[in-house]
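Shown next, in structure tokens, is the structure this report addresses.
Residue numbers (my numbering): 792 to 1199.
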């Protein structure tokens, strides 16, 4: 069969879908991935075939606008203001950004870009005639294309945040372009999402009103090489620290907590490994002697030897830690990441610290507790067992084949 993926313009959003793409290809099916031109390299490096016809949203701008609106509505929990939605500079006052003026100036162009992207997805789908369409939560082009072409579709979650959350935590975009009505489908509704591929352990209680298609999470962290020293067992408890390269862009400079985290962990007697980009490394300056900094070490290779991991609540980090059975310290600066932190903590597999409460003492105490208290390790191991019991991507392929054939 032919399977069409549509993905957003944020690489980590569709990393969870890559192993399913591999499984489909290994079963002999044809796979194409509709993406923006900026994602061609990432999709190609994953061994999938990119079709760069989408004109995706500016994810950074969308998130900044979302955080600004949270602040206006009194839902922004942090003592500082979110960054200026357009410039990214710190706001001194909410009135420093003209939201109505920006909406009037930018809305027509954003709607036109979205309409072009929807049209491109429909055009390719009509020409290629897929039997099945899969898409991530931020890429509604797949939802539209499947409905217009009359083929089954499914949304693929990237982590513990679902399609049906509180409005300020919404990860599914709205259709400001009016493309769904334009194609005779009526206004976009979350009820149009009929199936959800869910990689999360059941104990996380991720709300999925649609038909749930469970799958085992298989980490894909890119194609970075595995350092040889990772093959040796650590001589003392190892803590991994991994941080988002884009967090400061969307949440402001106050969210760059990485230096404070490293100072907090210094002196605990643990080996601390930081995986970061070259830019992050440069911004760190001098690091404590107990810290080893590596660029782009794959988490799937690093985490199994760790006693704990510290991260910002990104789906890839959280899901890979769940897969590895490693307790998590999650320090968050956005609503979506906070949901992830709360769900991991509720399952007793980690500690969630909202960013404004993550001072040196709190980070240090949480890290010490995660390593010393075996209950976190046991809970994390339990979630790993749940994850391993879910159908492997190759097994889900059979379900998708039945779905495409009309018998599933």
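Cβ coordinates follow ideal geometry from the N, Cα and C atoms, glycine included.
For this session: Along the alpha helix (DSSP H) that carries residue 1004, what are the first and last residues, could you check?
Result: Element bounds for residue 1004: not the alpha helix (DSSP H) but the beta strand (DSSP E), 1002 to 1005.
For this session: Would you identify the three-state DSSP class for residue 1111, choosing helix, strand or coil?
Result: Helix, per DSSP.
Exercise. The alpha helix (DSSP H) spanning residue 1061 covers which residue range?
Worked result: Counting along the chain, residue 1061 falls outside any alpha helix (DSSP H), and DSSP gives it neither H nor E.
For this session: Taking the CB atoms as reference points, tell me whether residue 999 and residue 1089 lie closer together than 8 Å.
Result: Cβ atoms of residue 999 and residue 1089: not closer than 8 Å.
Exercise. Mind checking whether residue 1049 and residue 1118 have CB atoms under 8 Å apart?
Worked result: Note that the C-beta distance between residue 1049 and residue 1118 is not below 8 Å.
Exercise. Grouping DSSP H, G and I as helix and E and B as strand, with all else coil, what is residue 1160?
Worked result: Residue 1160 carries a helical assignment under DSSP once its states are collapsed to helix, strand and coil.
Exercise. Is residue 1154 helix, strand or coil when you go by DSSP?
Worked result: The three-state reading of DSSP puts residue 1154 in helix, counting H, G and I together.
For this session: For the beta strand (DSSP E) holding residue 1131, just list the boundary residues, first then last.
Result: First-last for residue 1131: 1126 to 1137, but that is the alpha helix (DSSP H), not the beta strand (DSSP E).
Exercise. Buried or exposed: where does residue 1014 fall if 16 or more other Cβ atoms within 10 Å of its Cβ makes it buried?
Worked result: Taking every protein chain shown into account, the CB of residue 1014 has fewer than 16 other CB atoms within 10 angstroms, so this residue is exposed.
Exercise. Leaving out five residues before and five after residue 985 in sequence, what residues of the same chain have Cβ atoms less than 7 Å from its Cβ?
Worked result: When the five nearest sequence neighbours on each side are left out, the beta carbons in the same chain lying within less than 7 Å of the beta carbon of residue 985 are those of 1001, 1002, in order along the chain.
Exercise. Which class does residue 909 belong to by DSSP, given the choice of helix, strand or coil?
Worked result: For residue 909, the three-state secondary structure derived from DSSP is helix.
Exercise. Cβ of residue 955 within 8 Å of Cβ of residue 944?
Worked result: The Cβ atoms of residue 955 and residue 944 do not sit closer than 8 Å to each other.
For this session: Give a yes or no on contact between the region 1101 to 1112 and the region 1017 to 1034, applying the rule of three or more CB pairs nearer than 8 Å.
Result: Yes: the two stretches touch, three or more of their Cβ pairs being nearer than 8 Å.
Exercise. What first and last residue would you give for the alpha helix (DSSP H) that runs through residue 1071?
Worked result: Its alpha helix (DSSP H) spans residues 1069 to 1075.
Exercise. Looking only at C-alpha atoms, which of 1191, 934, 882, 868 sits nearest to residue 974?
Worked result: Sorting 1191, 934, 882, 868 by C-alpha distance to the C-alpha of residue 974 places 934 at the top.
Problem set entry | Buried/exposed call for residue 894, threshold 16 Cβ in 10 Å | Residue 894 comes out exposed.
Exercise. Using the beta-carbon count (16 or more within 10 Å), is residue 1179 buried or exposed?
Worked result: Residue 1179 should be labelled exposed.
For this session: Just list the alpha helix (DSSP H) runs in the region 904 to 989, keeping only unbroken ones of 4 residues or longer that don't cross its boundaries, in chain order.
Result: Here the runs fully enclosed are 932 to 940, 970 to 973.
For this session: Kindly identify the DSSP beta-bridge partner or partners of residue 875.
Result: Looking at the DSSP assignment, residue 875 forms no beta bridge with any residue, so it has no partner.
For this session: Count the other CB atoms, across all protein chains shown, that sit within 10 Å of the CB of residue 832; report buried if there are 16 or more and exposed otherwise.
Result: Residue 832 is exposed by the Cβ-count criterion.
Exercise. For residue 803, which three-state DSSP category applies?
Worked result: Helix, per DSSP.
Problem set entry | Member of 1101, 1075, 1091, 1041 whose CA lies at the smallest distance from the CA of residue 1062 | Ranking 1101, 1075, 1091, 1041 by Cα distance to residue 1062 puts 1101 first.
For this session: Please report the residue range of the beta strand (DSSP E) in which residue 880 lies.
Result: Under the DSSP assignment, residue 880 falls outside any beta strand (DSSP E); it carries neither an H nor an E label.
Exercise. Straight-line CA distance for residue 919 to residue 824?
Worked result: Cα to Cα, the separation comes out at about 12 Å.
For this session: Would you kindly report the start and end of the unbroken alpha helix (DSSP H) that includes residue 831?
Result: DSSP places residue 831 inside the alpha helix (DSSP H), whose first and last residues are 831 to 836.
Exercise. What separation, rounded to the nearest whole angstrom, lies between the Cα atoms of residue 859 and residue 1020?
Worked result: Taking the straight line joining both Cα atoms gives about 44 Å.
Exercise. By Cβ distance below 7 Å, which residues in the same chain neighbour residue 1005 in space, the five residues on each side in sequence not counted?
Worked result: So the list reads 989, 1181, 1182, once near-sequence residues are dropped.
Exercise. CA-CA distance, residue 882 and residue 922?
Worked result: Those two C-alpha atoms are separated by around 48 Å.
Problem set entry | Proximity to residue 952 [Cα-Cα], best of 810, 1115, 993 | Minimum Cα distance to residue 952 is reached at 993.
Exercise. Mind checking residue 1165: buried by the 16 CB within 10 Å criterion, or exposed?
Worked result: By the neighbour-count rule (16 or more Cβ atoms within 10 Å), residue 1165 is not buried but exposed.
For this session: Identify which residue in 1171, 855, 863, 819 has its Cα closest to the Cα of residue 876.
Result: Closest by C-alpha distance to residue 876, out of 1171, 855, 863, 819, is 855.
Problem set entry | Segment contact flag, the region 1124 to 1136 with the region 1038 to 1056, C-beta cutoff 8 Å, min 3 pairs | Touching, yes, given that three or more Cβ pairs across the two stretches are closer than 8 Å.
Problem set entry | DSSP-derived helix/strand/coil call for residue 1037 | Residue 1037 falls in the coil class under three-state DSSP.
Problem set entry | Residues sharing a beta bridge with residue 1119, DSSP | Answer is 1100, 1141.
Exercise. Just how far apart, CA to CA, sit residue 814 and residue 1195?
Worked result: In this structure, the straight-line span from the alpha carbon of residue 814 to that of residue 1195 is close to 16 Å.
Exercise. For residue 827, which of helix, strand or coil comes out of DSSP?
Worked result: In the structure shown, residue 827 sits in coil (DSSP, three-state: anything other than H, G, I, E or B).
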